[in-house]
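Under the UniProt record's numbering, the first residue of the sequence shown carries the number 1, and numbering increases by one thereafter.
The beta-carbon is built from N, C-alpha and C at its ideal position, and this holds for glycine as well.
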Amino acid sequence: MQLQQRVNELQEEAQEADACQEELAMKVEQLKAELVVFKGLMSNNLTELDTKIQEKAMKVDMDICRRIDITAKLCDVAQQRNCEDVIQMFQVPSMGGRKRERKAATEEDTSLSESDGPRQPDGDEEESAALSINEEMQRMLNQLREYDFEDDCDSLTWEETEETLLLWEDFSGYAMAAAEAQGEQQEDSLEKVIKDTESLFKTREKEYQETIDQIELELATAKNDMNRHLHEYMEMCSMKRGLDVQMETCRRLITQSGDRKSPAFTAVPLSEPPPPPSETEDSDRDVSSDSSMR
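1. Whole-angstrom Cβ separation of residue 49 and residue 233, contact assumed at under 8 Å?
2. Run through DSSP, which three-state label would residue 232 get?
3. DSSP three-state call for residue 1: helix, strand or coil?
4. Report yes or no: do the stretch 229-245 and the stretch 41-57 share at least 3 C-beta pairs separated by less than 8 Å?
5. Taking just the CA atoms, how far does residue 19 sit from residue 8?
6. Alpha carbon to alpha carbon, how far is residue 244 from residue 251? Give it in angstroms, no decimals.
7. Looking only at its own chain, which residues have a Cβ that is under 6 Å from the Cβ of residue 132, when we skip the five neighbours before and after it?
8. Who are the Cβ neighbours of residue 230 in its own chain at under 8 Å, not counting the five residues just before and after it?
9. Pick from 2, 24, 11 and 5: whose alpha carbon is nearest that of residue 256?
10. With residue 60 and residue 222 assumed to form a contact (beta carbons below 8 Å), what rounded beta-carbon distance in angstroms separates them?
11. Roughly how many angstroms lie between the CA atoms of residue 63 and residue 206, to the nearest whole one?
12. With distances taken Cα to Cα, identify the nearest neighbour of residue 211 among 58, 10, 12 and 73.
13. Nearest to residue 226 by alpha carbon, out of 29, 204, 22 and 51?
14. Just to confirm, is the Cβ distance from residue 247 to residue 31 under 9 Å?
15. Taking the Cβ atom as the reference point for each residue, do residue 78 and residue 228 lie within a distance shorter than 9 Å?
16. Specify the secondary structure class of residue 31 as computed by DSSP and reduced to three states.
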């Protein structure tokens, strides 16, 4: 009876152990599925963060390249503007000289008309003369651009010789007052051109500084965004490590609990009944009974 009860108890324990083992297997499968889901979520978040970081890095590189291009364009524009201002500065005196030449030509025409009678001016000749003067001034400006001249006082001494003075005095209708007035007008025009150029340079410098400040502000915001995304990426990495550690501890606990319960689930073998008596033992018993009867 005791053996039968023991067998029944062991069978019940074996059934319970099988049920627990099945339950543990189901829990392990669920944990594996959850682990796969968590890994998928973490990989998606990491890929999104990587793409965002790459986009920000590309934007920063594009901003840097754009800034380099803008600085190069600004330098080109400033150089072009300087050349244009220099051309304007040289064109103002040329216009004054052209007016003086026209005035001298008109005076000569009036003197000739007074001596020879009325004369009709020729417009084609004036246009051709103006074009030739423009071409000459353009050629001189090109030469000034190509060559760098040094300020040398000795190179200007030829103006003070007697020959040049005679040449200047040979012009008909020349007056010192008119020359002085023209010189003052030329100086005023040069001063005006210089002031306009300085004001233009100041405005251009202000605009360039504003654009540079705006570019620096955009770069600073891009750097701040990149740092923030990097911090978020590091936080997600730390969360992933924590989840990996938790899953590893759960797996170890499951394996340890399964190892502990497995020895109790093993069935104990039943004790075998005693073997039946052999023929030799029966013969010995018969001999002993006969001897007792005698």
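Straight from the coordinates:
1. For the purposes of this step, residue 49 is identified with residue 49 of the sequence shown, where counting begins at 1. For the purposes of this step, residue 233 is identified with residue 233 of the sequence shown, where counting begins at 1. About 5 Å; that satisfies the 8 Å criterion.
2. The count along the sequence shown starts at 1 and reaches residue 232 at position 232. Helix.
3. As a working note, residue 1 is residue 1 in the sequence shown. Coil, per DSSP.
4. yes
5. Residue numbering aside, residue 8 sits at position 8 when the sequence shown is read from its first letter. Residue numbering aside, residue 19 sits at position 19 when the sequence shown is read from its first letter. Those two C-alpha atoms are separated by around 17 Å.
6. In the sequence shown, the residue the question calls residue 251 occupies position 251. In the sequence shown, the residue the question calls residue 244 occupies position 244. Looking at the two C-alpha atoms, the distance is approximately 11 Å.
7. Within the sequence shown, the letter at position 132 stands for residue 132. Excluding sequence neighbours, residue 132 sits near nothing in its chain.
8. The residue you call residue 230 lines up with position 230 of the sequence shown. Cβ within range, chain order: 53.
9. Taking the first residue of the sequence shown as position 1, residue 256 is located at position 256. Comparing Cα-Cα distances from residue 256 to each of 2, 24, 11 and 5, the minimum goes to 24.
10. As a position in the sequence shown, residue 60 is number 60, starting the count at 1. As a position in the sequence shown, residue 222 is number 222, starting the count at 1. The Cβ separation is near 5 Å, so the contact holds.
11. Numbered from its first residue, the sequence shown carries residue 63 at position 63. Numbered from its first residue, the sequence shown carries residue 206 at position 206. For residue 63 and residue 206, the distance between alpha carbons rounds to 21 Å.
12. In the sequence shown, counting from the first residue as 1, residue 211 sits at position 211. Closest by alpha carbon: 73.
13. By one-based count along the sequence shown, residue 226 stands at place 226. Nearest C-alpha to residue 226: 51.
14. For the purposes of this step, residue 247 is identified with residue 247 of the sequence shown, where counting begins at 1. For the purposes of this step, residue 31 is identified with residue 31 of the sequence shown, where counting begins at 1. A contact, by the Cβ cut-off of 9 Å.
15. Here the question's residue 78 lines up with position 78 in the sequence shown. Here the question's residue 228 lines up with position 228 in the sequence shown. Contact: no.
16. Start at 1 with the first residue of the sequence shown, and residue 31 comes out as number 31. If DSSP states are grouped into helix, strand and coil, residue 31 belongs with the helices.
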